[in-house]
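Presented below is the structure to which this report refers.
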Amino acid sequence: MTEYGDRYLVGNQREQVSRFRARVMLAVPLAAILFQVYVPRFLEFLGYLELPLLVTIYFALMRRSQIGGLFIGAFIGLAQDSLSIKQPLGMFGIVKTLVGYFAASVGLRIDVEHSLIRFLLTFFFYFFHQLLYWVLARGLLGRQIPFEIQLTLVLGLLNAVVGVTLFHFLDRLREPA
Amino acid sequence: METLLNRYRNITVLLLVIFAQLVLIAVQVRNDQDVRMVRVWSITAITPLARLLEAVRGGTSGFFQNYILMHDARADNRRLQADLDRLKMENQFLRTEISTADRAKALVAFQQHTQSRTLAARVIAAGAGANSKVVFLDRGSGSGVEKGMAVVTPDGIVGKVIAAYPTASEVMLITDPEFAAGVVSQKNHVVGTLKGQGLGTCKVDYVPSEEKVEVGEMFYTSGDDRIFPKGFPVGVVRVVRASSPYTEVWVEPSGLERGLEAVLIVLEGVHQAIPEAPPANAPVYLGTPPPPAAGEQAVQPAGPVGTDADRLRQKYQQIGAAENHKFGEGGPGTKPPDFNLKLPVAGAKDGDAATQGRVDAAKPPPVQVTPQGAPNQNGTAKAGVSTSPRRAVPASQPATPAPQPQDQ
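Same order as they appear, the protein sequences are chains Y and E. Under our numbering, the first residue of the first sequence carries the number 18, and numbering increases by one thereafter. Under our numbering, the first residue of the second sequence carries the number 20, and numbering increases by one thereafter.
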C-alpha cells in the first residue's frame with residue numbers, strides 16, 4: 018500500500034476503529050485459550066473450534082491496526098504454543114502474527130461490520146492459518162503431517178459460522194464511541 | 020530516512036516479530052531445549068482458572084445430581100467405585116503373585132514385595148490443539164511429581180509425565196504418536212515397543228514375525244524403559260497381521276477404556292511379575308467312553324500297557340512266574356527261562372484288547388479344563404495350567420499324569 022493510500026484509508030475509517038478496555042483485551046484471549054484446553058475434555062467435538070484464532074481475527078479486524086493486530090496474534094499464538102509442549106514456541110506465534118497483520122490490513126480497506134463479510138473473512142483466514150501452519154511444520158520442523166483439504170474446508174465453514182456469532186457477542190464489549 | 024521508516028513501519032515491525040520467533044524456534048530446535056519460563060507463565064496463568072472452572076463444574080453438577088436428581092446415589096457410586104478400584108489393584112497384585120510363581124516362591128515374594136507408591140491426581144485440562152493427546156493433572160512438582168514418572172489407573176497404564184510445574188503437571192497419553200514404552204505379551208512373553216498412533220489404538224513394534232502373538236491376549240509393561248514398572252496392564256491385542264520382518268500388532272489400551280478423570284502417578288515404581296496366561300494349546304476335555312450297547316460285551320483293557328516294550332516285559336514276567344524263575348537271581352551259566360513257552364492265556368483276544376487298552380490308557384481321566392485358546396478375562400492362570408511361568412502344559416500332555424507302567 019502506498020503512503021497516500023494508507024493515509025486516505027486510515028483517515029476515512031478512523032472513526033470506525035473500535036476500542037476495547039484493557040481488561041477485555043486480556044480476558045477474552047485468555048478465555049478463548051482456556052476454552053480450547055478445557056471444554057474438549059467433556060465435548061470432544063468442540064476441539065475443532067479454533068477460538069484463539071477467531072479472537073485474533075476479530076480484534077485485528079475491529080482495531081484496524083496492523084501493528085496491534087500482529088502483536089495480538091503473536092501473544093495469543095505464543096500462549097497457545099506454550100500449552101502444547103510437543104512443539105517449539107513460535108509455531109502458532111508466527112502463524113497468528115501473520116493472520117493478525119493481514120486481518121488488520123483487510124479491516125483498513127473494507128467494512129467488516131457486515132456478517133457476510135465476517136463469515137467470508139473468517140473462513141479464509143482459518144484456511145490460511147491451517148495451511149500456513151502445515152507449511153511451517155513441514156518446512157521448519159520436518160514433520161510429515163497430513164493436510165486434508167476437504168476436512169479443513171468443512172472445519173473452516175464451521176469456524177466461520179461460530180465466528181460470526183462470537184463476533185456479534187464481542188461487539189457488545191466495545192467501548193461506546 | 021525518517022520518512023522511509025515511517026512509510027514501512029508496519030511491515031518492518033511485522034518482519035522483526037516474525038524474525039524473532041524464527042530465531043526462537045531455531046534456538047529451541049538446535050539446542051533441543053525448551054523456553055521453560057514462557058511455558059511456566061502460561062501454565063501458571065491457565066491452571067488456576069481451569070481448576071476454578073473444574074471446581075464450579077463439579078460443584079454445580081454434583082449439587083444437582085446428589086440432592087435433586089439422585090440424592091445420595093452418586094456419592095455411593097463414587098465410594099463404591101473407589102472401593103472397586105482399590106480392590107482391583109489388590110486383586111491384580113494377588114493374582115499376579117499367585118499365578119506367576121509356584122507357591123513357595125510366591126510366599127517368599129509376598130514377604131519381599133511391596134506395591135508401588137502412588138499419588139492420586141485429577142485431570143483438569145487437555146492440551147491445546149485439535150489432535151492433542153496431552154492432559155494436565157492438578158498435582159505438580161510441589162507434590163513431588165517429577166518429569167518421567169508413570170501415570171496409571173487400576174485398569175492399565177495411561178501415560179507419562181513430560182513436564183512438572185509447581186501447581187500442575189503435563190502428561191503425554193499412550194495414544195500420542197510420540198509415546199513409546201517397552202511391553203511384553205502375556206502368553207509367550209513376546210517383547211515389543213508400544214507406540215501411540217494418535218488414534219484410539221496403539222501399535223506394538225519390533226515383534227519378530229516368528230514370534231507368536233494372539234488376538235485377545237494381554238500386553239504388560241516390561242520395565243525395560245525404566246519409566247513403567249514391570250507388570251502393569253497395557254492393553255488387549257485386537258489385530259495381528261503377519262508381515263516381514265515384524266508382525267503388525269494393534270493393542271487397545273485398557274487404561275483409557277473408562278475415560279480419564281482420576282489417575283495415579285507412580286512416585287516409586289515397583290516391578291511385578293507378568294501374570295501367567297493359559298497355554299495356547301490347552302488340553303481338551305475327554306469324557307468317559309460310552310457304555311456298551313445291549314448284547315455287546317465291553318472290552319476291558321489288558322492292563323496299563325503303553326508300548327511294545329511294556330507288553331514284552333509283561334510277557335516275560337508271566338513266563339518267569341509260570342516257570343518259577345526270578346529275574347536277577349542266579350549266576351552266570353544257570354539255565355535261563357524258556358521264553359518260547361506258550362502261555363495258557365486267552366491269547367486270541369490279546370491283540371485287540373491290548374490295542375484297545377493302549378487307546379484307553381492314553382486317555383486321561385475326565386478333567387474339566389480351559390477351552391482351547393480362550394482368553395482369560397482376569398489375566399490369570401486357570402485349571403490345567405502350569406504354575407511355572409514358562410512351562411505351560413501342551414495339548415498332547417494330559418492334565419493329570421497318565422498311568423505309569425508297573426515296576427518289576
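Backbone N, C-alpha and C define an ideal beta-carbon position, used for all residues, glycine too.
Boundaries of the beta strand (DSSP E) in which residue i is found, first to last residue
i, result
"Ala5 of chain E", "Residue numbering for chain E in the displayed model covers 20 to 427; residue 5 of chain E lies beyond these limits and cannot be assessed."
"Leu156 of chain E", "Val153 to Leu156"
"Arg257 of chain E", "Pro252 to Arg260"
"Pro272 of chain E", "Tyr265 to Pro272"
"Ala199 of chain E", "Ala199 to Ser204"
"Ser132 of chain Y", "Ser132 of chain Y -> not in any beta strand (DSSP E); alpha helix (DSSP H) instead, spanning Ser132 to Leu157."
"Leu192 of chain E", "Ser188 to Leu192"
"Thr31 of chain E", "It is not in any beta strand (DSSP E) - Thr31 of chain E instead sits in the alpha helix (DSSP H) that spans Arg28 to Asn50."
"Asp485 of chain E", "One cannot answer for residue 485 of chain E here, as it falls past the ends of chain E, which runs 20 to 427."
"Lys179 of chain E", "Gly175 to Ala183"
"Val171 of chain E", "Ala169 to Thr172"
First and last residue of the uninterrupted alpha helix (DSSP H) at residue i
i, result
"Pro69 of chain Y", "Leu68 to Arg80"
"Ser122 of chain Y", "Met108 to Arg126"
"Asp329 of chain E", "Asp327 to Ala341"
Local conformation of residue i per DSSP, three classes
i, result
"Tyr65 of chain Y", "helix"
"Pro67 of chain E", "helix"
"Glu287 of chain E", "strand"
"Val239 of chain E", "Looking at the sequence itself, residue 239 of chain E is Tyr, so the reference to Val does not match. Reduced to three states, the DSSP call for Tyr239 of chain E is strand."
"Leu175 of chain Y", "helix"
"Ser99 of chain Y", "helix"
"Pro57 of chain Y", "helix"
"Leu213 of chain E", "strand"
"Pro46 of chain Y", "helix"
"Val164 of chain E", "coil"
"Val34 of chain Y", "coil"
"Val282 of chain E", "strand"
"Glu233 of chain E", "coil"
"Asp244 of chain E", "coil"
"Leu187 of chain Y", "helix"
"Thr353 of chain E", "coil"
"Ile293 of chain E", "coil"
"Arg76 of chain E", "helix"
"Leu360 of chain E", "coil"
"Lys345 of chain E", "coil"
"Gln396 of chain E", "Because the pLDDT of Gln396 of chain E is 36, which lies under 50, any placement of that residue in the model is unreliable, and the number read from its coordinates should be weighed accordingly. Residue state, collapsed to three classes: coil."
"Gln161 of chain Y", "coil"
"Val129 of chain Y", "coil"
"Glu192 of chain Y", "coil"
"Asn25 of chain E", "helix"
"Arg277 of chain E", "coil"
"Asp195 of chain E", "coil"
Reference residue i, options the options, closest by Cα
i, options, result
"Ile93 of chain Y", "Y:Lys103, Y:Thr73, Y:Gly85 and Y:Ser101", "Y:Thr73"
"Glu276 of chain E", "E:His290, E:Thr220 and E:Ala261", "E:Thr220"
"Ser262 of chain E", "E:Phe38, E:Gly288, E:Ser228 and E:Asn343", "E:Ser228"
"Gly201 of chain E", "E:Val190, E:Pro252 and E:Gly161", "E:Pro252"
"Glu342 of chain E", "E:Lys361, E:Val258 and E:Thr326", "E:Lys361"
"Leu70 of chain Y", "Y:Ser82, Y:Gln53 and Y:Arg126", "Y:Gln53"
"Asp174 of chain E", "E:Pro67, E:Ser273 and E:Ala281", "E:Ser273"
"Phe140 of chain Y", "Y:Glu61, Y:Arg58, Y:Pro46 and Y:Leu66", "Y:Leu66"
"Val123 of chain Y", "Y:Leu95, Y:His146, Y:Ala77 and Y:Leu172", "Y:Ala77"
"Gln104 of chain Y", "E:Gly161, E:Ala45, E:Val142 and E:Ala92", "E:Ala45"
"Leu43 of chain E", "Y:Ile111, Y:Gly159 and Y:Leu170", "Y:Ile111"
"Met108 of chain E", "E:Arg70, E:Ile176 and E:Ala144", "E:Ile176"
"Arg55 of chain E", "E:Leu72, E:Pro185, E:Gly161 and E:Glu236", "E:Pro185"
"Glu236 of chain E", "E:Gln216, E:His208, E:Leu34 and E:Val180", "E:His208"
"Ala64 of chain E", "Y:Leu68, Y:Pro46, Y:Gly64 and Y:Phe59", "Y:Pro46"
The ligand GDP heavy atom lying under 7 Å from the CB of residue i
i, result
"Ala281 of chain E", "No copy of the ligand GDP occurs in the structure displayed, which carries no ligand at all."
Exercise. When Cβ atoms are compared, which residues of the stretch 110-124 of chain Y fall closer than 7 Å to chain E?
Worked result: Gly110, Ile111, Thr114 and Tyr118
Exercise. Touch check for the stretch 32-52 of chain Y and the stretch 162-182 of chain Y: three-plus C-beta pairs under 8 Å?
Worked result: Contact check between the stretch 32-52 of chain Y and the stretch 162-182 of chain Y: fewer than three CB pairs, one atom from each, fall below 8 Å, which does not count as touching.
For this session: With 7 Å as the limit, tell me which residues of the stretch 171-204 of chain E have their beta carbon closer than that to any beta carbon of chain Y; keep them in chain order.
Result: Ile181, Ala182, Glu189 and Glu197
Problem set entry | Near-chain E residues of the stretch 141-171 of chain Y (beta-carbon distance less than 8 Å), N- to C-terminal order | Leu157 and Leu158
Exercise. Counting pairs of Cβ atoms below 8 Å between the stretch 237-256 of chain E and the stretch 282-290 of chain E, do you hit three or more?
Worked result: Verdict: yes, contact present.
For this session: Give a yes or no on contact between the stretch 106-122 of chain Y and the stretch 131-145 of chain Y, applying the rule of three or more CB pairs nearer than 8 Å.
Result: yes
For this session: With 9 Å as the limit, tell me which residues of the stretch 61-74 of chain E have their beta carbon closer than that to any beta carbon of chain Y; keep them in chain order.
Result: Ser61, Ile62, Ala64, Ile65, Leu68, Ala69, Leu72 and Glu73
For this session: Would you list, in chain order, the members of the stretch 69-80 of chain Y that have their beta-carbon closer than 7 Å to a beta-carbon of chain E?
Result: none
Problem set entry | Stretch pair the stretch 150-160 of chain E + the stretch 75-85 of chain E: three plus CB contacts closer than 8 Å | Counting Cβ pairs under 8 Å, fewer than three are found: no touch.
Exercise. Three or more C-beta pairs closer than 8 Å, one from the stretch 238-246 of chain E and one from the stretch 138-145 of chain E: is that the case here?
Worked result: no
Exercise. Is there contact here, the stretch 92-104 of chain E with the stretch 157-171 of chain E, by at least three beta-carbon pairs under 8 Å?
Worked result: No: fewer than three Cβ pairs fall under 8 Å.
For this session: Output, in sequence order along the chain, the residues in the stretch 24-42 of chain E whose CB is closer than 9 Å to any CB in chain Y.
Result: Asn25, Arg26, Arg28, Asn29, Ile30, Val32, Leu33, Val36, Ile37, Ala39, Gln40, Leu41 and Val42
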